[in-house]
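Residue numbers (our numbering): 417 to 536. In what follows, a single structure is set out as structure tokens and then discussed.
Here's what the structure looks like:
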């Protein structure tokens, strides 16, 4: 009976050791998985942060490009207005010159007609 109790005690101790080893392995596995989940969350957070930073950089770049494009359009429009203004001024001067010359021609014709009338 003492042999039997020793054998049972040994088996019980071995079972407890196996159970403790199994529990320790399971706890270690859970800890490893928790660390992996935590690392994955940090990676995801880091990726999201970098994507948001990239999005903000693109928005700033597009804003700067829009400002540069608008400045170029404003500059081109200003040049067109200057050219159109110069052309309008030239047309007005030409028209004034034509009207002035026509006025002189009409005056000369009237004077000539007046002289011819007086000569008759």
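Beta carbons are placed, not taken as given, at the ideal position from N, Cα and C, and that holds for glycine.
| Item | Value |
| --- | --- |
| To the nearest angstrom, how far is the alpha carbon of residue 428 from that of residue 441? | 20 Å |
| Over the uninterrupted alpha helix (DSSP H) stretch that includes residue 536, give me the two end residues. | It is not in any alpha helix (DSSP H) - residue 536 carries neither H nor E in the DSSP assignment. |
| Express the C-alpha separation of residue 532 and residue 524 in angstroms, rounding to a whole number. | 12 Å |
| Looking only at its own chain, which residues have a Cβ that is under 7 Å from the Cβ of residue 488, when we skip the five neighbours before and after it? | none |
| Output the distance between the C-alpha atoms of residue 529 and residue 519, rounded to the nearest integer angstrom. | 15 Å |
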